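Asks: A single structure is presented below for examination.
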Amino acid sequence: MDPNAISLKATGRGRRRLLANRVAEGSAVLAAVLAIAVLAVVIWSVGSRGIGAINLDFFIKGPSSDFFGGKGGIAPALVGSLMLVGVATLIALPMGVLTAIFVSEFAPVQVSQQIRLWLDVLNGFPSIVIGIFVFTLAVKTKVPILGIGHHQSAIAGGFALAVIMLPLVARSTMEVLRLVPNQLREASYALGVSKWQTVIRVVLPTSFGGILTGTTLAIARAAGETAPLLFTCAIAGQIVDWNPTHSVQSIPLTILNDSESADPALHQQAWAAAFVLILFVLVTSLTARLLLEHSRKKLGLQQ
Amino acid sequence: MTKRLTILIAAVAAVLLAATAAGAKSTDTTITGAGSTFVQPLVAAWTPAIGKAFGYTVQYSGVGSGAGIAAITANQVDFGASDAPLNEAQQSACPDCIQIPWALSATAVAYNVPGAPAHLNLDGNTISKIFLGTISNWNDPAIAALNKGANLPDLKITPVFRSDGSGTSYNFTDYLSSVNANWKTKIGTSTQPAFPAGQGAKGSSGVAGLITRTNGSIGYVDVAYALKNHIKFAAVRNKAGKFLFPSLRRIEAAALAFTTLPANNELHIVNPPKSAVFAYPVSTYTYVIVHKKSAHAAELRKMIFWALTQGQGSQFAAKLTFAKLSTNKKVLVAAEKTLKQIQATGN
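So the protein lines, in turn, are chains C and A.
Following numbering that gives the first Met the number 0 from start to finish, the first sequence increments by one per residue and tops out at 302.
Following numbering that gives the first Met the number 0 from start to finish, the second sequence increments by one per residue and tops out at 346.
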């Protein structure tokens with residue numbers, strides 16, 4: 000080697016700084032890996048415990064009525080969760096989108112700031128308190144017109160879940176509406192279109208992907224909530240019931256009840272139900288992500 | 000596109016409202032009930048048969064006798080089920096509520112002791128001491144004295160009790176209070192007694208599960224749950240001095256030993272007198288609790304009458320170790336008489 004060559008290896012202070020850099024980078028990578036690893040471990044451990052119970056009967060049959068044997072399924076819980084989330088979406092989606100439209104298109108700045116703040120507060124509200132509130136409103140007393148009340152019902156449960164979904168839908172729609180370029184709005188006004196028409200025909204279709212994203216994320220959250228259902232939709236029979244004025248089974252409560260039972264077959268069913276729930280959350284989150292990418296591309300904001 | 004979307008949303012909303020309105024106003028033949036886990040297997044066996052006989056859909060939820068009484072008091076369900084009769088406070092909270100005995104079974108004293116003899120004898124005093132914590136090991140001389148010649152292991156006793164408001168707890172503590180004065184003053188009879196020792200579990204199936212998982216455990220659970228989970232249960236000594244396992248005949252003997260019936264149907268058939276030689280001492284009736292004025296009065300009358308008569312058939316009751324209610328004719332007659340008190344409201 001050429002004795003006059005200059006070594007590029009760091010020495011002294013430079014070496015320490017390089018080392019510090021490497022350590023920091025390493026810890027950051029490790030933290031990221033651990034975070035993903037936790038998710039992978041949870042999915043794997045729930046899946047491996049529950050996979051034994053997953054078969055066709057699991058999805059299409061209810062719990063076995065024979066006390067001394069016969070494996071059943073969680074069909075009533077699947078149908079019930081579907082109904083609860085359906086009712087919740089029907090209530091939360093229009094309300095959330097309209098709130099976001101109000102905040103981003105019509106409201107003065109101070110009002111929109113306040114609404115954002117209080118929606119964030121509602122987002123962080125303990126879900127069990129929301130459950131008690133809906134219990135007092137729609138289960139303990141009779142609700143006029145709709146006729147529900149005096150007993151638990153899927154509508155009451157769906158309403159509680161809608162209260163939880165509302166801030167998520169509203170906030171994500173607000174963010175997406177903000178992303179719509181003002182040029183589109185101005186072009187629409189220049190053509191003589193009224194404000195409301197602009198919102199419906201120009202702004203909303205452009206941000207449709209983002210709204211769907213927010214909704215799917217909110218649905219993923221609502222599907223797994225247990226506390227609000229404890230008071231509003233917990234005492235239910237073990238049959239598939241499509242009537243929303245009745246109380247219905249739901250997946251989170253089935254997991255709770257089955258895991259406390261003595262029957263090891265029911266334990267496995269609880270794990271399997273948890274796995275189905277996790278898969279549902281995964282699929283909806285990934286769908287939301289894909290929709291977001293799609294809508295971003297549409298708006299010309301490649302990330 | 001937005002026009003189609005609005006039409007679609009409007010259509011869905013209309014359908015939902017129509018379904019709701021239809022569901023709310025129509026004569027619903029869904030009967031909801033909640034309460035005792037003790038009677039849950041029997042109600043589950045009845046449900047398909049009631050569906051076939053009348054077309055009613057029975058939705059029963061085993062939340063425990065205490066929660067069942069609360070649910071029927073608050074009018075959240077059409078009927079409540081409890082193994083514990085309504086106490087004064089509960090009756091005054093629900094003045095319209097009546098209780099009807101509709102099934103008859105027993106509480107088994109189940110245990111999980113590897114190495115214990117196949118036939119374990121226990122008596123009321125020993126069981127009291129175990130649950131009070133004064134007897135804490137399986138090789139205690141008090142237990143050995145009842146099981147001459149048995150090889151009891153050196154294993155800590157873990158009592159298992161119901162942590163929720165339970166009619167089975169009521170039956171068990173009712174029995175212990177009547178055989179052991181110390182228990183009566185210290186703990187007494189309750190659906191949620193303050194057990195000083197051991198672990199709690201929720202529901203009959205929770206207790207059964209905890210016993211199977213804990214070596215050295217002993218607990219009280221409905222006979223059906225002990226059988227289902229293949230848990231051994233003890234032979235309990237009755238007043239006549241016999242050590243007996245619970246069985247249909249022995250439960251019937253306990254029911255026949257008590258001939259007087261108060262007006263509110265509150266029955267205690269624990270610790271039968273000496274004359275009932277073959278009675279199992281920890282037997283109990285279980286009640287259905289309904290409002291005198293009820294929206295589903297006609298359906299409830301039909302359903303409960305069916306339960307009192309055809310529901311006691313062997314394909315339902317005997318299989319789950321429920322003895323026939325008609326064993327004690329007086330009780331059956333009183334139950335049917337009370338049933339007539341259920342009338343419809345305009346509600």
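Virtual Cβ for every residue (Gly too), placed ideally from N, Cα, C.
Every value quoted in this text rests on a predicted model; they were computed, and no experiment measured them.
Determine whether the Cβ of G208 of chain A lies closer than 8 angstroms to any Cβ atom of chain C.
Replies: Taking Cβ atoms only, chain C reaches closer than 8 angstroms to G208 of chain A, which makes this a yes.
Asks: Short of 8 angstroms Cβ to Cβ, which residues in the stretch 52-84 of chain A face chain C?
Replies: Under the 8 angstroms Cβ criterion, the stretch 52-84 of chain A contributes T56, V57, Q58, Y59, S60, V62, A70, A73, N74, Q75, V76.
Asks: Between which two residues does the alpha helix (DSSP H) containing E257 of chain C stretch?
Replies: Looking at the sequence shown, residue 257 of chain C is not Glu but Asp. Note, D257 of chain C: alpha helix (DSSP H), 250-258.
Asks: Identify the contact partners of K201 of chain A in chain C, using a Cβ-Cβ distance below 7 angstroms as the criterion.
Replies: Here the neighbours are E259.
Asks: Hey, A234 of chain A and L243 of chain A are a contact pair by Cβ (cut 8 angstroms); roughly how many whole angstroms apart?
Replies: Indeed, because the Cβ distance is near 6 angstroms, the residues count as touching under 8 angstroms.
Asks: With a threshold of 8 angstroms between beta-carbons, can P40 of chain A be considered close to chain C, or not?
Replies: Judged by the 8 angstroms Cβ criterion, P40 of chain A is in contact with chain C.
Asks: If you draw a straight line from the alpha carbon of T213 of chain A to that of T157 of chain A, how long is it in whole angstroms?
Replies: In a straight line, the C-alpha of T213 of chain A is about 8 angstroms away from that of T157 of chain A.
Asks: With 8 angstroms as the threshold, decide whether the Cβ of T285 of chain A is near any Cβ in chain C.
Replies: For T285 of chain A, the answer is no, since every Cβ of chain C falls outside 8 angstroms of its Cβ.
Asks: Grab me the residues of Q340 of chain A's own chain with a C-beta within less than 7 angstroms of its C-beta, minus the 5 sequence neighbours each way, in chain order.
Replies: These residues qualify, in order along the chain: I97, K291.
Asks: Could you tell me which uninterrupted alpha helix (DSSP H) segments, each at least 4 residues in length, are contained entirely in the stretch 123-197 of chain A, listed from first to last along the chain?
Replies: Taking only runs of at least 4 residues, the alpha helix (DSSP H) segments lying wholly in the stretch 123-197 of chain A are 123-131, 140-145, 166-178, 180-185.
Asks: Using a Cβ-Cβ distance cut-off of 8 angstroms, determine whether G218 of chain A contacts chain C.
Replies: No, because no Cβ of chain C sits closer than 8 angstroms to the Cβ of G218 of chain A.
Asks: Residue range of the alpha helix (DSSP H) that Y224 of chain A falls in?
Replies: Counting along the chain, the alpha helix (DSSP H) containing Y224 of chain A begins and ends at 222-227.
Asks: Should V330 of chain A and F78 of chain A be called a contact, given that it needs their Cβ atoms to be closer than 8 angstroms?
Replies: No, these two residues do not count as a Cβ contact at 8 angstroms.
Asks: Quick check: I234 of chain C and V76 of chain A, are their CB atoms within less than 8 angstroms of each other?
Replies: Contact flag set, yes.
Asks: Taking the straight line between their C-alpha atoms, what separation do you get for V84 of chain C and I127 of chain C?
Replies: Distance between the alpha carbons of V84 of chain C and I127 of chain C is about 17 angstroms.
Asks: Is there a C-beta anywhere in chain A that falls below 8 angstroms from the one on D56 of chain C?
Replies: Taking Cβ atoms only, chain A never reaches closer than 8 angstroms to D56 of chain C, which makes this a no.
Asks: Would you mind sorting P227 of chain C into buried or exposed? The rule is 16 or more other CB atoms within 10 Å of its CB.
Replies: So P227 of chain C counts as buried.
Asks: Would you report the Cα separation of T244 of chain C and K141 of chain C, rounded to the nearest angstrom?
Replies: Their backbone Cα atoms lie some 12 angstroms apart in a straight line.
Asks: Just curious, the beta strand (DSSP E) that A80 of chain A is in, first and last residue?
Replies: Looking at the DSSP string, the run of the beta strand (DSSP E) that includes A80 of chain A is 78-81.
Asks: Listing by chain order, which chain A residues have their CB less than 8 angstroms from the CB of H149 of chain C?
Replies: What H149 of chain C touches in chain A: N74, Q75.
Asks: Assuming V178 of chain A and N120 of chain A are in contact, meaning their beta carbons sit under 8 angstroms apart, how far apart are those beta carbons, in whole angstroms?
Replies: 15 angstroms between Cβ atoms; not a contact.
Asks: Mapping DSSP to helix, strand and coil, what is F313 of chain C?
Replies: Absent from the model: residue 313 of chain C. The displayed extent of chain C is 0 to 302, so no value can be given.
Asks: Chain A partners of H245 of chain C, CB-CB under 7 angstroms?
Replies: Simply T29.
Asks: So what does DSSP say about F354 of chain A, is it helix, strand or coil?
Replies: Outside the displayed range of chain A (0 to 346) lies residue 354 of chain A, so it cannot be described from this structure.
Asks: How long is the line joining the alpha carbons of V282 of chain C and P263 of chain C, rounded to whole angstroms?
Replies: Distance between the alpha carbons of V282 of chain C and P263 of chain C: 29 angstroms.
Asks: Going by other Cβ atoms of all chains shown within 10 Å of its Cβ, with 16 needed for buried, is F321 of chain A buried or exposed?
Replies: Buried, by the Cβ-count rule.
Asks: Measure the CB-CB distance between H116 of chain A and A149 of chain A and report whether it falls below 8 angstroms.
Replies: It is worth fixing the name first, because residue 116 of chain A is Pro in this sequence and not His. Their beta carbons are under 8 angstroms apart, which means P116 of chain A touches A149 of chain A by this criterion.
Asks: Name the DSSP bridge partner or partners of L103 of chain A?
Replies: In the DSSP output, where bridge partners are listed per residue, L103 of chain A has A:Y284, A:A322.
Asks: Which residues in the same chain as Q311 of chain A place their Cβ atom closer than 6 angstroms to its Cβ, once the five residues preceding and following it in sequence are excluded?
Replies: Hits under 6 angstroms: K323, L324.
Asks: Cα-Cα, which of A:G218, A:L319, A:Q89 is closest to V289 of chain A?
Replies: When only C-alpha atoms are compared, the closest one is A:Q89.
Asks: For S171 of chain C, which residues in the same chain have their Cβ closer than 6 angstroms to its Cβ, ignoring the five residues on either side in sequence?
Replies: Excluding positions up to five away in sequence, the list reads G213.
Asks: Take Y113 of chain A as the anchor and find which of A:Q309, A:V42, A:T188, A:D153 has the nearest alpha-carbon.
Replies: Here residue 113 of chain A turns out to be Pro, not Tyr, going by the sequence shown. For the residues A:Q309, A:V42, A:T188, A:D153, the minimum Cα distance to P113 of chain A belongs to A:D153.
Asks: Quick check on F244 of chain A: does DSSP put it in helix, strand or coil?
Replies: Reduced to three states, the DSSP call for F244 of chain A is coil.
Asks: Tell me which residue opens and which closes the beta strand (DSSP E) that S60 of chain A is part of.
Replies: Note, S60 of chain A: beta strand (DSSP E), 56-61.
Asks: So what's Y219 of chain A in DSSP terms, helix, strand or just coil?
Replies: Reduced to three states, the DSSP call for Y219 of chain A is strand.
Asks: For the structure I just gave you, are there three or more beta carbon pairs, one from the stretch 36-56 of chain A and one from the stretch 216-230 of chain C, closer than 8 angstroms?
Replies: Judged by Cβ distances under 8 angstroms, the stretch 36-56 of chain A makes no contact with the stretch 216-230 of chain C, as fewer than three pairs qualify.
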